[in-house]
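What follows is a single structure, written as structure tokens, with notes after it.
In our numbering, the protein residues as written are 6 to 186.
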């Protein structure tokens, strides 16, 4: 029984923390805030008479009290435009067509052309079928490094064919263009 009462006390402490009971001070504070709301009501009546486009309302807040809010009934119209306002023009640029280069290098000396095309923003399909395994590894490491530096991407199409794309080129788009070529 001692354990259950301990748990019950802990739960009650949590409940009191989340929803504290009203004390006399809080009741007094709510009476003071009600008096303040009456004064605000007088102020809102003055404001409403001075400005026809405002309305006021009382909203309930989470602690059970209310708050007085004044809002404009309609957004002010800005039908007048100043003549000194500059006019802006939007220019759109047509995206250039994606170009895909196809390479079948035979040795490491031919990879500079692949790197140059990647730097120029062209996608490259590299076919490693005519390259020995050791040379293929060197070429693949070099071109992967170029892609990394250019924030590009490499996508293996088959066991011997890899698609390299520079930054800003969608791999799915490049693959459809490469497969149609």
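Think of the CB as a built atom: it goes at the ideal place given N, C-alpha and C, for glycine as much as any other residue. Bear in mind that the values here come from a model prediction, so they are computed numbers and not experimental data.
Next on the checklist: Just to confirm my understanding: we take residue 171, look at its own chain, exclude 5 residues before and 5 after, and list those with CB closer than 6 angstroms. What are they?
Outcome noted: 123, 126, 155 and 157
Next on the checklist: So, under 8 angstroms CB-CB, residue 120 and residue 105 are touching, yes? Tell me the CB distance rounded to an integer number of Å.
Outcome noted: At roughly 16 angstroms, the Cβ-Cβ gap does not stay under 8 angstroms, so residue 120 and residue 105 are not in contact.
Next on the checklist: For residue 131, which residues in the same chain have their Cβ closer than 6 angstroms to its Cβ, ignoring the five residues on either side in sequence?
Outcome noted: 108 and 167
Next on the checklist: Between the alpha carbons of residue 12 and residue 68, how many angstroms are there, rounded?
Outcome noted: 27 angstroms
Next on the checklist: Given this structure, state the Cα-to-Cα distance separating residue 188 from residue 146, to the nearest angstrom.
Outcome noted: Shown here, the chain extends from 6 to 186; a query on residue 188 therefore has no answer.
Checklist entry - Do you know how far the Cα of residue 18 is from the Cα of residue 173? => result 58 angstroms
Checklist entry - Alpha carbon to alpha carbon, how far is residue 95 from residue 114? => result 46 angstroms
Checklist entry - If residue 110 sits next to residue 144, beta carbons under 8 angstroms apart, how far is it from one beta carbon to the other, in whole angstroms? => result 6 angstroms
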